[in-house]
Amino acid sequence: MAQQERRLLCVAPPGSTPGDEETFSTVQAAVDAVPLGNTARTVIRLAPGVYEEPVYIAKTKNFITLAGASAQVTVISWDNTATRIKHAQRSRVIGTGTFGCGTVIVEGDDFIAENITFENSAPQGSGQAVAVRVTADRCAFYSCQFLGWQDTLYLHYGKQYLRDCYIEGNCDFIFGNSIALLEHCHIHCKSAGFITAHSRKSSSESTGYVFLRCIITGNGEAGYIFLGRPWGPFGRVVFAHTFMDRCIKPTGWHNWDKSENERTACFYEYRCSGPGSQSSNRVAWCRQLLDLEAEQFLAHSFVDPDLDRPWLLQMMAIRIPASA
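Per the UniProt record's numbering, the very first residue in the sequence shown carries number 1; after that it's consecutive.
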């Protein structure tokens, strides 16, 4: 990972007073100012405000940090859906359908976001409407919020770490085929549907989602949402040391109406708590892990396995000064 001097850019809503740093009126303008093939950490500091725009971070724009004041006052919002995309970028660049409809699309590696709300403001019933798509490696989100309904957070490819984040939705609202560890996150289930849809295609893939020490809450009703279903036949999801509200269906998991998925999907739970965690009525093809089986999912090494080049430890080392 590059260790060069950081560059600081600022974004402030029109009419605000600029500081001493380079200041832009849109998030996309600040991203565009990052040089192609960037190798130095570039911090884009967002002043409090609601930025109503889609943002695209290309694969040539690496080592970018988006840092807000707090997720409550720093919001990036847009209302694209899979069937209606309004974007300055052409579809051949960002993609079409669900792949191209994200409010924020991250394709540059080594990305960090802190203290920002990412919102897809399309109303319920709009179909797939992504708040963030991540098609990039070694990305981290701290104290962020992801707001939407269906397909809120598309963790498509690469390795991601999320800590102290809030994610809401109702249908497949955390989905894709990345390796992701979500730690101390709040998962809020707005209405009936599925929390996860992981798309691992074969047992040889190391991908999967781990929810570690998270909480799952609902709207007060009981038994209306599944923990997940396999978008790919070998989808892999683990909930460990997680509190589950009564919103979780007693059966826990869904096979996407394909009985053959029951032989290949890897859906695991480990020492979870709360009324939604009761295992007596779970489907027979999910697993309650034993201590030794769970160990591989309970550490940062799940997303950061290279002890010689620990990307996540480096991310944690730079995030506090980056946003101070």
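For each residue, glycine too, the CB sits at the ideal point set by N, CA and C.
Excluding the five sequence neighbours on either side, which residues of its own chain have a C-beta within less than 8 Å of the C-beta of residue i, listed in chain order?
{"i": "SER304", "result": "The question names Ser, yet the displayed sequence has Asp at residue 304. Around ASP304: LYS159, TYR161, PRO310, TRP311, LEU312, LEU313."}
{"i": "GLN150", "result": "SER126, GLY127, GLN128, ALA129, GLY169, ASN170, CYS171, ASP172, PHE173, GLY193"}
{"i": "ALA122", "result": "ASP79, ASN80, THR81, ALA129, GLY148, TRP149"}
{"i": "ALA69", "result": "LEU46, ALA47, PRO48, ASN115"}
{"i": "ASP306", "result": "none"}
{"i": "SER91", "result": "ILE85, GLY100"}
Suppose the cutoff is 6 Å on Cβ atoms and the five residues either side in sequence are ignored; what does the same chain contact list for residue i look like?
{"i": "ILE318", "result": "none"}
{"i": "GLY97", "result": "ALA82"}
{"i": "TRP285", "result": "GLU262"}
{"i": "PHE302", "result": "LEU181, VAL210"}
{"i": "CYS266", "result": "ARG236"}
{"i": "GLY232", "result": "SER199, ARG200, LYS201"}
{"i": "PHE141", "result": "ALA113, LEU162, CYS165"}
{"i": "LEU227", "result": "ILE195, GLY252, TRP253"}
{"i": "ALA324", "result": "Unreliable placement is indicated for ALA324, whose pLDDT of 45 sits below 50; the coordinate value is still reported in the next sentence. If we look at ALA324 and ignore the five residues flanking it on each side, it has no Cβ neighbours."}
{"i": "SER273", "result": "PHE243"}
{"i": "ILE216", "result": "ILE187, MET244, ASP245"}
{"i": "CYS101", "result": "ASN80, THR81, ALA82, ILE85, VAL130"}
{"i": "PRO321", "result": "A caution first: PRO321 carries a pLDDT of 48, below 50, which makes its placement in the model too unreliable to give a value."}
{"i": "LEU289", "result": "TYR268, TYR270"}
{"i": "THR23", "result": "CYS10, ALA12"}
{"i": "ARG287", "result": "TYR268"}
{"i": "ASN255", "result": "ASN261, GLU262"}
With distance defined between alpha-carbon atoms, name the residue in the options nearest to residue i.
{"i": "GLN278", "options": "GLY223, GLY95, GLY37, LEU298", "result": "GLY223"}
{"i": "ALA71", "options": "ARG92, ARG45, GLN89, ILE57", "result": "ARG45"}
{"i": "GLU183", "options": "ARG84, CYS144, ALA67", "result": "CYS144"}
{"i": "LEU212", "options": "HIS300, GLU52, GLY100", "result": "HIS300"}
{"i": "VAL34", "options": "THR117, ILE64, LYS258, GLU52", "result": "ILE64"}
{"i": "VAL27", "options": "ILE57, ARG41, LEU292", "result": "ILE57"}
{"i": "THR152", "options": "ILE167, PRO250, ALA29", "result": "ILE167"}
{"i": "TYR157", "options": "PHE146, PHE175, ALA40", "result": "PHE175"}
{"i": "TRP253", "options": "LEU290, PHE243, ASN281, GLU221", "result": "ASN281"}
{"i": "ARG246", "options": "ILE225, ASN255, CYS101", "result": "ILE225"}
{"i": "ILE187", "options": "ASN219, GLU260, ASN177, GLU205", "result": "ASN219"}
{"i": "ASN177", "options": "ARG6, ALA197, LYS190", "result": "ALA197"}
{"i": "PRO275", "options": "ILE248, LEU290, TYR154", "result": "ILE248"}
{"i": "LEU36", "options": "GLU52, LYS61, THR23", "result": "LYS61"}
{"i": "ALA40", "options": "ASP32, LEU8, TYR51", "result": "LEU8"}
{"i": "GLU52", "options": "PRO250, VAL11, GLY95, GLU260", "result": "VAL11"}
{"i": "SER206", "options": "ASP257, CYS185, GLU221, PHE234", "result": "PHE234"}
{"i": "SER204", "options": "THR264, LYS258, PRO230", "result": "THR264"}
{"i": "ALA133", "options": "GLN124, PHE146, TYR154", "result": "For clarity, residue 133 is Arg in the given sequence; the question names Ala instead. Per the Cα distances, TYR154."}
{"i": "ALA29", "options": "GLN89, LEU292, PRO250", "result": "GLN89"}
{"i": "VAL73", "options": "ASN38, LYS59, VAL93, PHE118", "result": "PHE118"}
Grab me the residues of residue i's own chain with a C-beta within less than 7 Å of its C-beta, minus the 5 sequence neighbours each way, in chain order.
{"i": "PRO54", "result": "TRP78, ASN80, HIS87, THR103"}
{"i": "PHE297", "result": "VAL210, VAL238, ALA240"}
{"i": "PRO14", "result": "SER25"}
{"i": "MET316", "result": "none"}
{"i": "LYS190", "result": "TRP149, GLU168, GLY169, ASN170, ASN219"}
{"i": "GLN3", "result": "With a pLDDT of 47 at GLN3, under the threshold of 50, the predicted position of this residue should be treated as unreliable, and no value is reported."}
{"i": "GLY95", "result": "none"}
{"i": "VAL50", "result": "VAL75, SER77"}
{"i": "ASN38", "result": "LYS61, ASN62, PHE63"}
In the DSSP assignment, what are the bridge partners of residue i?
{"i": "CYS139", "result": "GLN160"}
{"i": "ASN120", "result": "TRP78"}
{"i": "CYS171", "result": "GLN150, PHE194"}
{"i": "PHE24", "result": "VAL11"}
{"i": "VAL106", "result": "ILE57, VAL134"}
{"i": "HIS188", "result": "GLU168, THR217"}
From the beta carbon of residue i, is the nearest beta carbon of chain C less than 7 Å away?
{"i": "THR264", "result": "The displayed structure is made up of one protein chain only, and chain C is not part of it."}
Flag residue i as yes when its Cβ comes closer than 6 Å to any non-hydrogen atom of the ligand NAD, and as no otherwise.
{"i": "LYS61", "result": "With respect to the ligand NAD, the structure offers nothing, as it holds no ligand at all."}
Next on the checklist: In chain order, what are the residue ranges of uninterrupted alpha helix (DSSP H) at least 4 long that sit wholly in the stretch 218-291?
Outcome noted: Runs found: none.
*Report yes or no: do the stretch 106-113 and the stretch 128-141 share at least 3 C-beta pairs separated by less than 8 Å?*
Touching, yes.
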